[in-house]
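*Asks:* Protein chains in written order, with our numbering: chain A, 1091 to 1318; chain B, 30 to 261.
Note that CB positions come from ideal geometry on N, CA and C, so glycine has one too.
Below is one structure. I have some questions about it.
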């Protein structure tokens, strides 16, 4: 199949997943509530006289995004397992990579949607000054979301048919999230501290490199996770 | 003529158990192979091997001469299962149209409408699948399986949940597909329904075909006695 055909099939699958999520809104609302609760809990546990908001906020943000993202990732293959719909996808003449890409695209929209609400909420609660760093901060969010979603989609597919999927997914995926979350948190910290944009470039390059590696590697490995 | 379905010494082992053990069969265009057997005989595993959903431990399955799981081979396949394989949050029409788009049909909405009409479910196709009865869901599932006009139909207990009207419509549809040149492989516990459609019949036990013959001239009552004796 041509790259264009692959992308078209992936687009169909992503659109279908988003339509299902739009109808049910179950995972999105759960992830959103989890994110806001985490931000609030950290806020009340925070002693501003001991730790500055700019030091705490990046950690809070990435812990929140990591765990709320897992909710959406688990759901993405849950809808296929429910009535055996995965079988219909697998016998359709679409490459396995298109299934991965489609699922990853839908998950990316999901994670970015949660971030779009949680990030302003965090800025509001912790009173951190983002100022002119908004575009760069959004760039960090998007780059990190791509890496997290690639890894998460792979492991969600791998664990979908196991009885302990909800437990296995975080156990398997979280160690692989580290190379993404670490540079993302570092870059976020620099931006929230008002440091010059140039200081974040090294972290952004690492983030971009891990994105490329993970997206490519996960696309290659994904078909093997569907084997019985 | 290239067989539509061909299994050569298919073996599938699960954890040391030979679920399918050396199955060979050929189904030509316009033929229907009915697979009978008790639970655990290996019928569903055989069907999943023929659909490319399972990889054989040894042997191979071909669809229209193409080795599975090549996408070109899968283009020929339609699969009906006792599970609906539908998305419950989507409507029946959306489910069928989604499938039509995956198969690259030029007018997926029109194709979905035709398939839903053929299953007499078009009037209920705009409600979410979760709000339909099990029988209606099965009709949508069959519409989804046939929307791209497959020339090989694999059906695993397709009568599950269907009422008399639905079962009659399905039998008529399968017969029509067979007579139009499609190859069918039908897994069922119902000897009469299976034999009514079959050009060939096989009885499975312990992962093997213990009997495999043309269905023409088979007397259902005598065949039922043979079946009971073989699977006892």
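For residue 44(B), which of helix, strand or coil comes out of DSSP?
*Replies:* Along the second chain, read from residue 1 onward, the residue named residue 44(B) stands at position 15. Coil.
*Asks:* Under 9 angstroms, CB to CB, which of the residues in the segment 131-153 of chain B have a partner in chain A?
*Replies:* Flagged, chain order: 131, 132 and 133.
*Asks:* Hey, does residue 114(B) have any beta-carbon neighbour from chain A nearer than 7 angstroms?
*Replies:* Counted from its first residue, the second chain places residue 114(B) at position 85. Yes, residue 114(B) counts as interfacial toward chain A.
*Asks:* On the premise that residue 1172(A) lies in contact with residue 222(B), defined as a C-beta separation below 8 angstroms, what is that separation, rounded to the nearest angstrom?
*Replies:* Taking the first residue of the second chain as position 1, residue 222(B) is located at position 193. Taking the first residue of the first chain as position 1, residue 1172(A) is located at position 82. Actually they do not touch by this definition, with Cβ atoms about 28 angstroms apart.
*Asks:* Need the endpoints of the alpha helix (DSSP H) that residue 242(B) sits in, please.
*Replies:* Here the question's residue 242(B) lines up with position 213 in the second chain. Residue 242(B) -> not in any alpha helix (DSSP H); beta strand (DSSP E) instead, spanning 237-243.
*Asks:* Go through the segment 121-208 of chain B residue by residue and report every complete run of the beta strand (DSSP E) that reaches 3 residues or more, in order.
*Replies:* Runs of the beta strand (DSSP E) inside the segment 121-208 of chain B: 181-185.
*Asks:* Can you grab the Cα-Cα spacing for the pair residue 124(B) / residue 82(B), in whole Å?
*Replies:* Walking along the second chain from the start, residue 124(B) turns up at place 95. Walking along the second chain from the start, residue 82(B) turns up at place 53. If I take the Cα positions, the gap works out to 20 angstroms.
*Asks:* Quick one: which chain B residues come within Cβ less than 8 angstroms of residue 1184(A)?
*Replies:* As a working note, residue 1184(A) is residue 94 in the first chain. Residues of chain B passing the Cβ test: 100 and 131.
*Asks:* Do residue 1240(A) and residue 1304(A) have their CB atoms nearer than 7 angstroms?
*Replies:* What you label residue 1240(A) is simply residue 150 of the first chain in a count that begins at 1. What you label residue 1304(A) is simply residue 214 of the first chain in a count that begins at 1. Against a cut-off of 7 angstroms, the Cβ pair of residue 1304(A) and residue 1240(A) comes out as a contact.
*Asks:* Can you give me the start and stop residues for the beta strand (DSSP E) that residue 87(B) sits inside?
*Replies:* The count along the second chain starts at 1 and reaches residue 87(B) at position 58. From DSSP, the beta strand (DSSP E) with residue 87(B) extends over 87-92.
*Asks:* Determine, for residue 97(B), whether the minimum Cβ-Cβ distance to residues of chain A falls below 7 angstroms.
*Replies:* Reading the second chain from its first residue, position 68 is the one you call residue 97(B). For residue 97(B), the answer is no, since every Cβ of chain A falls outside 7 angstroms of its Cβ.
*Asks:* Please go through the segment 1266-1294 of chain A and give each complete alpha helix (DSSP H) segment of 4 or more residues, from N-terminal end onward.
*Replies:* The qualifying runs do not exist here; there are none.
*Asks:* Applying the 10 Å Cβ sphere with the 16-neighbour rule, what's the burial state of residue 263(B)?
*Replies:* Nothing about residue 263(B) can be read from this structure; chain B reaches only from 30 to 261.
*Asks:* Could you spell out where the alpha helix (DSSP H) holding residue 1188(A) opens and where it closes?
*Replies:* Position 98 of the first chain, counting from 1, holds the residue named residue 1188(A). Residue 1188(A) -> alpha helix (DSSP H) spans 1186-1216.
*Asks:* Roughly how many angstroms lie between the CA atoms of residue 1294(A) and residue 1308(A), to the nearest whole one?
*Replies:* Against the first chain, residue 1294(A) aligns to sequence position 204. Against the first chain, residue 1308(A) aligns to sequence position 218. Rounded to the nearest angstrom, the two C-alpha atoms are 21 angstroms apart.
*Asks:* Pick helix, strand or coil for residue 1220(A), following the three-state DSSP scheme.
*Replies:* As a position in the first chain, residue 1220(A) is number 130, starting the count at 1. DSSP places residue 1220(A) in coil when its eight states are reduced to three.
*Asks:* What residues in the segment 1266-1290 of chain A have a beta carbon less than 7 angstroms from any beta carbon of chain B?
*Replies:* From the segment 1266-1290 of chain A, no residue has a Cβ closer than 7 angstroms to chain B.
*Asks:* Comparing the C-beta of residue 1191(A) with each C-beta of chain B, is any distance below 7 angstroms?
*Replies:* In the first chain, residue 1191(A) corresponds to position 101, counting from 1. So no, residue 1191(A) is outside the interface.
*Asks:* Give me the Cβ distance between residue 170(B) and residue 144(B), rounded to the nearest whole Å; I'm assuming they're in contact under 8 angstroms.
*Replies:* Residue mapping note: residue 170(B) aligns to position 141 of the second chain, counting from 1. Residue mapping note: residue 144(B) aligns to position 115 of the second chain, counting from 1. About 11 angstroms separates the two Cβ atoms, so there is no contact after all.
*Asks:* Measure the alpha-carbon distance for residue 1099(A) versus residue 1278(A) and round it to whole angstroms.
*Replies:* Sequence index remark: in the first chain, residue 1099(A) carries index 9 (1-based). Sequence index remark: in the first chain, residue 1278(A) carries index 188 (1-based). If you take the alpha carbons of residue 1099(A) and residue 1278(A), they lie about 35 angstroms apart.
*Asks:* By the DSSP assignment, the beta strand (DSSP E) with residue 233(B) in it spans what residues?
*Replies:* Walking along the second chain from the start, residue 233(B) turns up at place 204. Its beta strand (DSSP E) spans residues 229-234.
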